[in-house]
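As structure tokens, the structure follows; a few thoughts come after it.
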Amino acid sequence: MLTALLLVIVSFAQEKGKSVALFDGKSLAGWRTYQHKPADSWFVKDGLLSNKGNKDPQTKHADLISEKEYSNFELSFDWKIAPQANSGVMYLVTEEFPSAYLSGPEYQLIDDKGYPSKLEDWQKAGANYAMDVPSTDATKPAGEWNHSVIIVNKAHVEHWLNGKKVVSYELWTEEWQQHKKEGKWKDAKGYATAKKGHIALQDHGGEAWFKNIMIKEL
107 MLTALLLVIV
117 SFAQEKGKSV
127 ALFDGKSLAG
137 WRTYQHKPAD
147 SWFVKDGLLS
157 NKGNKDPQTK
167 HADLISEKEY
177 SNFELSFDWK
187 IAPQANSGVM
197 YLVTEEFPSA
207 YLSGPEYQLI
217 DDKGYPSKLE
227 DWQKAGANYA
237 MDVPSTDATK
247 PAGEWNHSVI
257 IVNKAHVEHW
267 LNGKKVVSYE
277 LWTEEWQQHK
287 KEGKWKDAKG
297 YATAKKGHIA
307 LQDHGGEAWF
317 KNIMIKEL
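In our numbering, the protein residues as written are 107 to 324.
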């Protein structure tokens, strides 16, 4: 009996440290819209998880979230966006707010060079949107593939872009709380308070494509 229990524990530990695909390259299995909102903006084609963007005014938009929730993890993914496009990947997302970005931090995806409006540093690709600016510009031009990694290990968070660590911060510290009070999220009481939540792909502005979405629970 004890031997069987140990085998179960070892098997669980091995599974927890294993990278698994969040996107199967064929369907939206394992994903759904935020708050089950109606949307037809997400589709799978040629092995890519794609967003139609905002060209067609008849398209119904909603963020896409993982069905499963995660607390400590390493998320990796490849992404590209159309010229002038803006998107993001959010994490620790919960669903009690009107929009996903009001609950979870956002890894910004944007066309830094071609975006039609002037960008603040905290709006640029790789940033912890409206909180932490990327330490260096590691982006590739719109239309080219980028590789990103998000690590959440208890309160420690890292954003990686094309092999470079561009953001590192600690959640829920006094410094973090002060930073939150001074910026865009000062009135968003639920922002980044959850210690477990969904992964969310933002349906925001312009076409975006994702592939090789993998997660490893830590």
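Where is the CB? At the ideal position from N, CA and C, for every residue including glycine.
Exercise for the section: Check His-265 in the structure and name its three-state DSSP category. Expected result: Note: His-265 maps to strand in three-state DSSP.
Problem - CB of Ile-216 within 8 Å of CB of Asn-234, strictly - result: No, Cβ-Cβ distance for Ile-216 and Asn-234 is not below 8 Å.
Handout entry: Beta carbon of Asp-184 nearer than 8 Å to that of Lys-317
Key = Yes, they are a contact pair.
Exercise for the section: Measure the C-alpha to C-alpha separation of Trp-266 and Gly-296 and round it to an integer number of angstroms. Expected result: Taken atom to atom, the span from the alpha-carbon of Trp-266 to that of Gly-296 is near 25 Å.
Problem - Alpha carbon of Tyr-213 to alpha carbon of Gly-303, nearest angstrom - result: Between Tyr-213 and Gly-303, the alpha-carbon positions lie close to 15 Å from each other.
Exercise for the section: Compute the distance between the beta-carbons of Trp-137 and Ser-172, then report whether it is under 8 Å. Expected result: Yes, the Cβ-Cβ distance between Trp-137 and Ser-172 is below 8 Å.
Exercise for the section: Put Ile-305 into one of helix, strand or coil per three-state DSSP. Expected result: Assigned with DSSP and collapsed to three states, Ile-305 falls in strand.
Exercise for the section: Could you tell me the boundaries of the alpha helix (DSSP H) in which His-285 lies? Expected result: Where His-285 is concerned, the enclosing alpha helix (DSSP H) stretches over 280-288.
Handout entry: Three-state secondary structure assigned by DSSP to Leu-277
Key = Judged by DSSP in its simplified three-state form, Leu-277 adopts coil rather than helix or strand.
Problem - Close-in-space but distant-in-sequence residues of the same chain around Lys-156 (CB under 8 Å, 5 per side omitted) - result: With the sequence shown as reference, residue 156 is identified as Ser, and Lys is not the correct amino acid for it. For Ser-156, where only same-chain residues beyond five positions count, the Cβ hits under 8 Å are Trp-148, Phe-149, Val-150, Glu-313, Ala-314, Trp-315, Phe-316.
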